[in-house]
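Protein chains in written order, with the UniProt record's numbering: chain W, 1 to 302; chain V, 1 to 269.
The beta carbon of each residue, even a glycine, is placed where N, CA and C say it ideally should be.
Bear in mind the structure is a predicted one, so any value in this text is a computation, not a measurement.
Working notes for the structure below.
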């Protein structure tokens with residue numbers, strides 16, 4: 001063992017730790033091996049299951065609660081149908097062409113809006129984090145915009161753009177970009193000072209400092225901002241599709257309001273479930289990206 | 001500065017690798033100013049291993065920052081004769097988003113080493129700190145001692161030029177082993193001593209551990225606290241390789257500790 005070898009080392013002055021001393025090399029390798037002993041990891045299936053079963057349980061509890069409300073006789077079944085009546089209709093919807101056409105339009109709007117929000121958020125975030133005077137001027141304004149309910153923008157958006165795609169895009173972008181900008185600003189602000197010192201010793205200045213240190217260091221915070229930005233974009237989009245109905249387009253929002261006009265509750269609940277599922281799935285994707293980043297960088301103890 | 005010019009400078013008859021003359025550093029201004037360093041004069045010969053020792057508030061880290069040109073002195077001059085300077089901290093301060101080898105390669109890139117040579121030189125540097133085979137790991141996958149060795153390899157990447165055999169390179173170490181356990185620290189003492197000797201580095205090593213200073217240094221420089229200034233210098237005439245638990249090391253460490261306590265006691269009055 002390393003300890004024993006150490007006590008048997010030659011006396012001071014007898015040669016000792018020279019270049020390529022095999023004893024020292026072996027001791028160092030031994031210590032490294034001892035300290036790197038890693039715990040066993042569970043397989044991917046086991047991890048998937050451990051993430052999945054709490055979710056499935058939660059869904060089951062929600063369905064049971066829904067059924068209990070229906071059984072209590074609080075509302076007539078044609079106003080509030082139970083899961084047994086709704087789920088077959090949900091299945092019919094999911095297998096119809098018109099439904100997927102609506103999902104495609106809604107997702108296209110979401111992606112375009114979110115992409116524009118990323119461009120604007122990054123631009124604003126970069127400028128505000130770089131220049132102190134801009135920070136003083138706009139820093140709190142950006143946070144203020146973040147807390148503003150996006151539906152409050154719609155009257156103005158409709159005045160500016162009428163009932164058009166632009167009106168929806170306008171509100172989605174305004175909803176998402178402050179979070180994205182704030183994520184970037186926070187990331188730049190909280191670059192660890194010790195890394196900044198190391199960067200200075202390396203000679204990183206100006207653009208190189210941003211390229212090799214500040215931007216990578218702010219990535220986790222940026223991803224968190226993207227995730228929050230997506231949540232705001234998705235909410236703004238749903239509000240927009242309910243308020244701004246354009247001609248004969250078919251979106252999730254249009255389907256939802258048509259179902260309400262026809263008093264078709266089962267259809268309505270089906271669309272709501274779809275909206276919920278899309279929101280959850282995309283949020284999970286950001287969560288996966290966030291966790292992958294943290295694991296890769298060793299930011300989690302786990 | 002070109003490499004030729006650097007080499008020429010280090011060959012001119014300048015006996016010191018670093019020369020500090022009357023260096024003072026104050027933080028803040030007016031009545032609220034805090035004097036961290038007061039009239040520090042110190043010379044370190046090329047290839048010398050000097051340990052700076054002091055209690056809290058002796059401005060050790062401030063002094064290294066000044067020499068590394070991360071900060072400017074309030075008074076006095078610092079002459080490093082165009083040496084390449086690298087600074088190592090108590091924390092490894094590796095970039096967590098880069099692999100071990102990419103951390104080293106970034107330092108080589110900043111030194112101006114062409115891309116085609118970086119990979120090879122990085123693995124040579126990692127081999128010299130006994131980390132071959134860990135190139136593709138990320139810093140968090142290594143132990144504390146291994147990370148600090150990567151940090152050492154990165155510092156060497158910044159300073160050592162294979163063409164001049166380590167001449168004109170200055171390695172500043174700010175309590176680099178302070179956060180490590182005793183066993184790891186002991187092995188790293190052997191490591192840094194070996195690398196210092198092989199490469200002919202000039203090392204300025206800050207520590208608050210008296211035995212560590214005697215174990216490693218050719219000379220121990222004792223600093224006073226608030227403000228920091230040179231109190232006394234102790235040449236270490238103990239043959240290498242030394243062991244931290246050897247009798248002569250303990251004897252000199254005891255003598256220096258007494259002097260250090262005396263110095264600390266002045267602040268208790």
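As assigned by DSSP and simplified to three states, the class of residue i
i, result
"residue 114 (chain W)", "helix"
"residue 54 (chain V)", "coil"
"residue 131 (chain W)", "coil"
"residue 284 (chain W)", "helix"
"residue 237 (chain V)", "coil"
"residue 17 (chain W)", "Its pLDDT being 37, under 50, residue 17 (chain W) is placed unreliably by the model, and the measurement read from it follows with that caveat. Reduced to three states, the DSSP call for residue 17 (chain W) is coil."
"residue 150 (chain W)", "helix"
"residue 240 (chain W)", "helix"
"residue 10 (chain W)", "Note on residue 10 (chain W): pLDDT 38, under 50, position unreliable in the model; the coordinate value appears next. In this structure, residue 10 (chain W) counts as coil in the three-state DSSP scheme."
"residue 204 (chain W)", "coil"
"residue 91 (chain V)", "coil"
"residue 173 (chain W)", "helix"
"residue 189 (chain V)", "helix"
"residue 246 (chain W)", "coil"
"residue 227 (chain W)", "helix"
"residue 272 (chain W)", "helix"
"residue 79 (chain W)", "coil"
"residue 1 (chain W)", "Since pLDDT at residue 1 (chain W) reaches only 37, below the 50 mark, its modelled position is unreliable, and no value is offered."
"residue 135 (chain V)", "coil"
"residue 146 (chain V)", "helix"
"residue 196 (chain V)", "helix"
"residue 88 (chain W)", "helix"
"residue 28 (chain W)", "helix"
Neighbourhood of residue i by C-beta, 7 angstroms cutoff - its chain only, sequence neighbours within 5 removed
i, result
"residue 65 (chain V)", "71"
"residue 225 (chain W)", "179, 180, 182, 183, 184"
"residue 73 (chain V)", "23, 24, 25, 66"
Which residues DSSP lists as bridging residue i, in chain order
i, result
"residue 26 (chain V)", "V:35"
"residue 204 (chain V)", "V:50, V:172"
"residue 110 (chain V)", "For residue 110 (chain V), which the question treats as bridged, DSSP gives no partner whatsoever."
"residue 21 (chain V)", "V:77"
"residue 43 (chain V)", "V:19"
"residue 232 (chain V)", "V:222"
"residue 86 (chain V)", "V:171"
Own chain partners of residue i with C-beta closer than 6 angstroms, once the 5 adjacent residues on each side are dropped
i, result
"residue 221 (chain W)", "183, 186, 187"
"residue 129 (chain V)", "149, 152, 153"
"residue 153 (chain W)", "171, 174"
"residue 270 (chain W)", "89, 90, 93"
"residue 268 (chain V)", "none"
"residue 66 (chain W)", "83"
"residue 158 (chain W)", "167"
Beta-carbon proximity check, residue i vs residue j, cutoff 8 angstroms
i, j, result
"residue 244 (chain V)", "residue 186 (chain V)", "yes"
"residue 280 (chain V)", "residue 40 (chain V)", "Residue numbering for chain V in the displayed model covers 1 to 269; residue 280 (chain V) lies beyond these limits and cannot be assessed."
"residue 146 (chain V)", "residue 32 (chain W)", "yes"
"residue 117 (chain W)", "residue 177 (chain W)", "yes"
"residue 306 (chain W)", "residue 168 (chain W)", "In this structure chain W extends from 1 to 302, so residue 306 (chain W) is not present and cannot be described."
"residue 16 (chain V)", "residue 43 (chain V)", "yes"
"residue 252 (chain W)", "residue 106 (chain W)", "yes"
"residue 76 (chain V)", "residue 20 (chain V)", "yes"
"residue 143 (chain V)", "residue 35 (chain W)", "yes"
"residue 297 (chain W)", "residue 96 (chain V)", "yes"
"residue 198 (chain V)", "residue 231 (chain V)", "no"
Distance cut-off 7 angstroms: residue i Cβ against heavy atoms of the ligand GDP
i, result
"residue 152 (chain V)", "Here there are no bound small molecules, and the ligand GDP is not part of this structure."
Proximal residues to residue i (C-beta, below 8 angstroms), its chain only, five neighbours per side dropped
i, result
"residue 110 (chain V)", "158"
"residue 230 (chain W)", "114, 176, 282, 283, 286"
"residue 128 (chain W)", "134, 135, 138, 139, 142, 181, 185"
"residue 249 (chain V)", "211, 214, 215, 238, 242, 243"
"residue 213 (chain W)", "191, 195, 196, 199, 204"
If you pair each beta-carbon of the stretch 188 to 195 of chain W with each one of the stretch 88 to 103 of chain V, do three or more pairs fall below 8 angstroms? Judged by pairs of C-beta atoms under 8 angstroms, the stretch 188 to 195 of chain W touches the stretch 88 to 103 of chain V, as three or more such pairs exist.
Decide if the stretch 255 to 273 of chain W is in contact with the stretch 132 to 148 of chain W; the criterion is three or more beta carbon pairs, one per stretch, under 8 angstroms apart. Under the Cβ criterion (8 angstroms, minimum of three pairs), the stretch 255 to 273 of chain W does not count as touching the stretch 132 to 148 of chain W.
Cβ contact check for the stretch 15 to 25 of chain V and the stretch 33 to 47 of chain V: 3 or more pairs under 8 angstroms: Flag = yes, the stretch 15 to 25 of chain V and the stretch 33 to 47 of chain V touch.
Meets three-Cβ-pair contact criterion under 8 angstroms: the stretch 242 to 249 of chain W and the stretch 154 to 169 of chain W: The answer is yes - the stretch 154 to 169 of chain W touches the stretch 242 to 249 of chain W, with three or more Cβ pairs under 8 angstroms.
Would you call the stretch 41 to 50 of chain V in contact with the stretch 214 to 226 of chain V, where contact means no fewer than 3 C-beta pairs closer than 8 angstroms? Verdict: yes, contact present.
Just checking, does the stretch 60 to 77 of chain W make contact with the stretch 118 to 134 of chain W on the three C-beta pairs under 8 angstroms criterion? Result no; under three Cβ-Cβ pairs closer than 8 angstroms.
Does the stretch 94 to 107 of chain V come close enough to the stretch 134 to 144 of chain V to have 3 or more Cβ pairs within less than 8 angstroms? Touching, yes, given that three or more Cβ pairs across the two stretches are closer than 8 angstroms.
On the three-pair Cβ rule with 8 angstroms, is the stretch 146 to 155 of chain W touching the stretch 196 to 209 of chain W? No contact exists between the stretch 146 to 155 of chain W and the stretch 196 to 209 of chain W.
Is there contact here, the stretch 116 to 126 of chain V with the stretch 168 to 175 of chain V, by at least three beta-carbon pairs under 8 angstroms? With the cut-off at 8 angstroms, the stretch 116 to 126 of chain V and the stretch 168 to 175 of chain V do not touch.
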